[in-house]
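Numbering (this note's numbering), first residue to last: 1 to 159.
All C-beta atoms in this analysis are idealised placements derived from N, C-alpha and C, irrespective of residue type, glycine included.
To start, the structure itself, in structure tokens.
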């Protein structure tokens with residue numbers, strides 16, 4: 001289930017251009033990974049190999065960074081990424097119910113992307129807005145004081 005990644009010559013050239021800029025600065029790996037994630041929608045092994053070769057960083061190190069940080073992904077994410085905060089404050093105030101509702105409505109488990117590429121469902125750790133718990137985000141939009149009643153309405157906005 002999920003979206004196919006498009007690795008085109010144009011996108012690879014764009015990544016090389018980003019790396020040419022990043023390599024001029026100390027610590028070029030993180031900005032390069034952010035660029036790759038934005039360009040390709042994920043950072044699969046073939047892209048990691050390109051980065052490894054250009055920046056002279058081992059694939060093992062790159063893969064370790066990519067799989068450690070939640071922002072990066074080795075598989076394509078959907079057009080709309082729904083992230084439910086599962087930090088303590090959000091969990092106590094009902095984020096599990098939000099996660100279950102999104103999962104039911106979308107027919108997705110955590111970490112999955114819909115076949116049409118429209119949605120990816122994620123559970124995330126604390127995002128640092130505990131006073132507004134429970135919180136979820138859709139892309140860069142934050143929804144505070146979330147409730148299961150909000151789920152269908154929010155999904156309609158992005159369909």
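In this structure, the alpha-carbon of residue 146 lies about 5 Å from that of residue 134. In the structure shown, residue 83 falls within a strand segment according to DSSP collapsed to helix, strand and coil. 32 is the residue among 71, 73 and 32 whose C-alpha sits nearest the C-alpha of residue 57. DSSP places residue 102 inside the alpha helix (DSSP H), whose first and last residues are 95-106. Leaving aside the five residues that flank residue 22 on each side, the residues in its chain whose CB is nearer than 7 Å to its CB run, in chain order, 28, 31 and 32. Between residue 84 and residue 73, the gap from beta carbon to beta carbon reaches 8 Å or more.
Following the DSSP letters along the chain, one finds residue 35 inside the alpha helix (DSSP H) bounded by residues 29-40. For residue 123, the uninterrupted beta strand (DSSP E) segment begins and ends at 119-124. The segment 61-71 and the segment 100-114 do not touch, with fewer than 3 CB-CB distances between them shorter than 8 Å. For residue 8, there is no enclosing alpha helix (DSSP H), since its DSSP letter is neither H nor E.
Boundaries of the alpha helix (DSSP H) around residue 51: 45-55. By a beta-carbon distance limit of 8 Å, residue 138 contacts residue 154. Their separation comes to about 6 Å. The residue among 41, 42 and 59 with its C-alpha nearest the C-alpha of residue 49 is 59.
Between residue 127 and residue 102, the CB-CB gap reaches or exceeds 8 Å. Residue state for residue 112 is assigned as coil, using DSSP reduced to three classes. Residues of the same chain with a CB within less than 7 Å of the CB of residue 158, apart from the 5 flanking positions on each side, are 80 and 138 in chain order. Residue 87 holds the alpha-carbon nearest to the alpha-carbon of residue 132 among 44, 34, 87 and 106.
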